[in-house]
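Following: one structure in structure tokens, then a few remarks.
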Amino acid sequence: MASHPQDPGAPDAPYLSFWRERHVCTMTTIRPDGTPHVVPVGVTYDPGERLARVITDGGSAKARYVAAAGAEGARVAVCQVDGRRWATLEGRAVLRAEPEQVAEAERRYAERYRTPSVNPTRVVIEITVTRAMGRG
Numbered sequence: 024m025a026s027h028p029q030d031p032g033a034p035d036a037p038y039l040s041f042w043r044e045r046h047v048c049t050m051t052t053i054r055p056d057g058t059p060h061v062v063p064v065g066v067t068y069d070p071g072e073r074l075a076r077v078i079t080d081g082g083s084a085k086a087r088y089v090a091a092a093g094a095e096g097a098r099v100a101v102c103q104v105d106g107r108r109w110a111t112l113e114g115r116a117v118l119r120a121e122p123e124q125v126a127e128a129e130r131r132y133a134e135r136y137r138t139p140s141v142n143p144t145r146v147v148i149e150i151t152v153t154r155a156m157g158r159g
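In the numbering used here, the protein residues as written are 24 to 159.
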């Protein structure tokens, strides 16, 4: 099977354009028993910072799995697909609850998707992207 690597800090134009379109994504985290937990999410991607962001409720399973990994971060992947186009970002995720971090993630989410509803327990899963692959 062919590999389609991208530079996570400087992906090619079609790949980056694909990440700017509105698509539902999936996020894969690992449960304590080692099995994958895959859920639909909205993802924003900033290649300049090599950072992907997912907003979620602080009590969600994905937030709990990321938090359990501690400061080292949890290994995660986010992916989107549209026909023959696909894109995956992999990296280490940490949970952020600082109001300025949450506000920035909400702003980016609103640009790609829609203004998120008010959620006082919202947190941000920040993924430091170490690998990018796909075909935009």
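Cβ coordinates follow ideal geometry from the N, Cα and C atoms, glycine included.
Whole-angstrom C-beta distance between VAL61 and GLU77, which should lie under 8 angstroms:
In the sequence shown, the residue the question calls residue 77 occupies position 54. In the sequence shown, the residue the question calls residue 61 occupies position 38. For clarity, residue 77 is Val in the given sequence; the question names Glu instead. Wrong, their Cβ atoms sit about 13 angstroms apart, outside the cutoff.
Can GLU123 and ARG154 be called in contact, C-beta distance under 9 angstroms?
As a working mapping, residue 123 is identified with position 100 in the sequence shown. As a working mapping, residue 154 is identified with position 131 in the sequence shown. Not in contact: GLU123 and ARG154 (Cβ atoms no closer than 9 angstroms).
Name the DSSP beta bridge partners of GLU149, please?
Position 126 of the sequence shown holds residue 149. Beta-bridge pairing links GLU149 to ARG76 and VAL117.
Simplified DSSP state of TYR136, which is helix, strand or coil:
For the purposes of this step, residue 136 is taken as the residue at position 113 of the sequence shown. Three-state DSSP puts TYR136 in coil, outside helix and strand.
Same chain only: Cβ atoms within 7 angstroms of GLU149, ignoring 5 sequence neighbours per side
Residue 149 sits at position 126 when you count from the first residue of the sequence shown. Contacts found: LEU74, ARG76, ALA116, VAL117 and ARG119.
Is the separation between the beta-carbon of GLY159 and that of ARG108 shorter than 9 angstroms?
To locate residue 159, count along the sequence shown from 1; it is residue 136. To locate residue 108, count along the sequence shown from 1; it is residue 85. Their beta carbons are under 9 angstroms apart, which means GLY159 touches ARG108 by this criterion.
Verify whether the separation of the beta carbon atoms of HIS27 and GLY106 is less than 9 angstroms.
Reading the sequence shown from its first residue, position 4 is the one you call residue 27. Reading the sequence shown from its first residue, position 83 is the one you call residue 106. Contact flag unset, no.
VAL146 and ALA86 look like a contact to me (Cβ under 8 angstroms); what is the Cβ gap, rounded to whole Å?
Position 123 of the sequence shown, counted from the start, is the residue given in the question as residue 146. Position 63 of the sequence shown, counted from the start, is the residue given in the question as residue 86. Confirmed, about 6 angstroms.
Rounded to a whole number of angstroms, what is the C-alpha to C-alpha distance between PRO37 and ALA90?
Here residue 37 is taken as the residue at index 14 of the sequence shown, counted from 1. Here residue 90 is taken as the residue at index 67 of the sequence shown, counted from 1. Their Cα atoms are separated by approximately 33 angstroms.
What is the DSSP secondary structure of GLY93, reduced to helix, strand or coil?
As a position in the sequence shown, residue 93 is number 70, starting the count at 1. GLY93: helix per DSSP, three-state reduction.
By Cβ distance below 7 angstroms, which residues in the same chain neighbour THR52 in space, the five residues on each side in sequence not counted?
Reading the sequence shown from its first residue, position 29 is the one you call residue 52. For THR52, where only same-chain residues beyond five positions count, the Cβ hits under 7 angstroms are HIS60, LYS85, TYR88, VAL89, ALA97 and VAL99.
Suppose only complete runs of 3+ residues qualify. What are the beta strand (DSSP E) ranges in the segment 30–84, listed by chain order?
48–53, 59–64, 67–69 and 74–80
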